[in-house]
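Residue numbers (this note's numbering), protein chains in the order written: chain X, 1 to 87; chain E, 1 to 378. Shown next, in structure tokens, is the structure this report addresses.
Following this line, the structure appears as structure tokens:
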């Protein structure tokens, strides 16, 4: 089970929760598990061609992720980051 | 290099005590020229701190007027300034804070046509804008004209900051190559804790001072995020993208005209004010406009415009064929963010001149129909 930190623009899908938990051996697996628990959330991050949307970045701990196949180890924390526009 | 006068030596005495600044550093600050894009929540603290720190020339770009709703977080302005132009009002406030420096007001909208001229006079840029289009334009201008950029953005209780230095690391487009405006809500749509931009704007001022002085470790290739509710900071490493459209190996953005053109769907979408939509509905009896409500079904059930179709924005790509094409299409949602995203998706799917209700049904309820029940998001 991985801790996933949710950016505020996506918290409407997690009932306001900033941290949720999800299972998966890869980032793709974690996002599918998130989708099961929070329907609609994955589409806000991943497009129809299974690419990470360009205003979303995903990090494992501090490391940037560029592929949904990126593997996860037991204690890895997943950070979902959304571009913000407010100033 | 300008030397410090007696009043300046007293004013900046706490800086002069720092070995990392000292008289030589303070003179560097006095000779520095920093441009702040946006005199808003971020620009206010950044400008106040940079003026107080003795940055010799401070440019402020903002074409907007001070609104009462700005005062909850934009500390450059007081109640008497409501209705005044922001750039000139900020200039007066900053000049009163520090008469030793030069404040240049630029009461203009930054665009592809004037960015080169504006940036030419400054050596460092702080982006405190509140529009994605401006964020990309500022980034691209800084890459093309080789200016360091300290960028920050805020949303509700969350902020992020990064620094770009030409030739030394990734740019903002390396982090977020492209953003659809509707996918990223701004403060007016989502709200913001008033003190939040104070924290991030101070980070920006700190970075600018470090860059001018050449001290410390800037946020190059590091995204700093701040969560005010958890009171937590995180740092993420990211690298330059070889395929970055502006700083990559084969850039497709070679001019600011290319930068603006990089947002192809944006120009295809129209914003409709609530009164404009009301007039259209009244003029046609509601029968010759297709209103598509892109909120979730639960929100739709709580209250919606008569005759509206409900297709949540997440389902739009596979359900766009359900939208009749014989009449103009207007997308609506709660506050205008999702409908803008829907508009861009629809324009991309070939729907001609789709429109979005500006400010969403919240604005509709405030300006046209106070009886409209607008459910919370989700």
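Glycine included, each C-beta is placed from N, C-alpha and C at the ideal position. Being a predicted model, the structure only gives us computed values, none of them experimental.
Residue i versus residue j - alpha carbon distance
i                      : j                      : result
residue 143 of chain E : residue 30 of chain E  : 25 Å
residue 120 of chain E : residue 130 of chain E : 22 Å
residue 264 of chain E : residue 27 of chain E  : Note on residue 264 of chain E: pLDDT 42, under 50, position unreliable in the model; the coordinate value appears next. Cα to Cα, residue 264 of chain E sits roughly 45 Å from residue 27 of chain E.
residue 16 of chain X  : residue 297 of chain E : 18 Å
residue 98 of chain E  : residue 48 of chain E  : 9 Å
residue 353 of chain E : residue 179 of chain E : 20 Å
residue 59 of chain X  : residue 92 of chain E  : 43 Å
residue 235 of chain E : residue 159 of chain E : 12 Å
residue 169 of chain E : residue 38 of chain E  : 24 Å
residue 266 of chain E : residue 145 of chain E : Low confidence applies here, because residue 266 of chain E scores a pLDDT of 47, under 50, leaving its location unreliable and the question unanswered by this model.
residue 337 of chain E : residue 4 of chain E   : 50 Å
residue 87 of chain E  : residue 116 of chain E : 19 Å
residue 27 of chain X  : residue 20 of chain X  : 14 Å
residue 79 of chain E  : residue 100 of chain E : 26 Å
residue 128 of chain E : residue 111 of chain E : 15 Å
residue 369 of chain E : residue 376 of chain E : 17 Å
residue 69 of chain X  : residue 342 of chain E : 29 Å
residue 220 of chain E : residue 162 of chain E : 7 Å
residue 224 of chain E : residue 295 of chain E : 32 Å
Proximal chain E residues relative to residue i, where beta-carbon distance stays under 7 Å
i                     : result
residue 49 of chain X : Within chain E, no residue comes near residue 49 of chain X; the closest Cβ sits about 11 Å away, beyond 7 Å.
residue 21 of chain X : The contacting residues do not exist; residue 21 of chain X stays about 16 Å from chain E at best.
Distance CB(residue i)-CB(residue j) smaller than 8 Å
i                      : j                      : result
residue 222 of chain E : residue 355 of chain E : no
residue 136 of chain E : residue 149 of chain E : no
residue 56 of chain E  : residue 33 of chain E  : yes
residue 124 of chain E : residue 171 of chain E : no
residue 126 of chain E : residue 200 of chain E : no
residue 38 of chain X  : residue 3 of chain X   : no
residue 367 of chain E : residue 274 of chain E : yes
residue 320 of chain E : residue 349 of chain E : yes
residue 192 of chain E : residue 86 of chain X  : yes
residue 329 of chain E : residue 305 of chain E : no
residue 237 of chain E : residue 62 of chain X  : yes
residue 30 of chain X  : residue 22 of chain X  : yes
residue 10 of chain X  : residue 44 of chain X  : yes
residue 54 of chain X  : residue 77 of chain E  : no
residue 334 of chain E : residue 360 of chain E : yes
residue 66 of chain E  : residue 51 of chain E  : no
residue 17 of chain E  : residue 58 of chain E  : no
residue 240 of chain E : residue 174 of chain E : yes
residue 19 of chain E  : residue 202 of chain E : no
residue 351 of chain E : residue 311 of chain E : no
Neighbour list for residue i in chain E, Cβ cutoff strictly below 8 Å
i                     : result
residue 64 of chain X : 236, 237, 238 and 239
residue 84 of chain X : 153, 154, 155, 158, 159, 160 and 184
residue 71 of chain X : Going along chain E, no residue has its Cβ under 8 Å from residue 71 of chain X, so there is no contact; the nearest lies around 18 Å.
residue 67 of chain X : Correct list: empty, because the minimum Cβ distance to chain E is about 14 Å.
residue 99 of chain X : No statement about residue 99 of chain X is possible, as the shown extent of chain X runs from 1 to 87 and does not include it.
Simplified DSSP state of residue i, which is helix, strand or coil
i                      : result
residue 267 of chain E : Caution applies to residue 267 of chain E, whose pLDDT of 47 falls short of 50 and renders its modelled position unreliable; the model cannot decide the point.
residue 71 of chain X  : strand
residue 368 of chain E : coil
residue 249 of chain E : coil
residue 27 of chain X  : helix
residue 89 of chain E  : helix
residue 43 of chain X  : helix
residue 139 of chain E : helix
residue 122 of chain E : coil
residue 326 of chain E : coil
residue 356 of chain E : strand
residue 70 of chain E  : helix
residue 316 of chain E : helix
residue 11 of chain E  : helix
residue 158 of chain E : strand
residue 28 of chain E  : helix
residue 19 of chain X  : strand
residue 272 of chain E : strand
residue 111 of chain E : coil
residue 346 of chain E : helix
Under 8 Å by beta carbon: chain X residues contacting residue i
i                      : result
residue 220 of chain E : By Cβ distance, chain X contributes nothing, its closest Cβ being about 15 Å from residue 220 of chain E, past 8 Å.
residue 132 of chain E : 83 and 85
residue 42 of chain E  : 87
residue 332 of chain E : Residues of chain X passing the Cβ test: none, with the nearest at roughly 17 Å.
residue 377 of chain E : 12
Beta-carbon neighbours of residue i, restricted to chain X and to distances below 7 Å
i                      : result
residue 215 of chain E : By Cβ distance, chain X contributes nothing, its closest Cβ being about 24 Å from residue 215 of chain E, past 7 Å.
residue 230 of chain E : 18
residue 129 of chain E : 87
residue 38 of chain E  : 87
residue 192 of chain E : 86
Chain-ordered chain E contacts of residue i [CB-CB under 9 Å]
i                     : result
residue 79 of chain X : 225, 234 and 236
residue 28 of chain X : Chain E residues near residue 28 of chain X: none, gap ~18 Å exceeds 9 Å.
Partners in chain X for residue i, counting only beta-carbon separations shorter than 9 Å
i                      : result
residue 317 of chain E : 43, 47 and 48
residue 135 of chain E : 83, 85 and 87
Residue i CB to nearest heavy atom of the ligand FAD below 7 Å
i                      : result
residue 153 of chain E : Here there are no bound small molecules, and the ligand FAD is not part of this structure.
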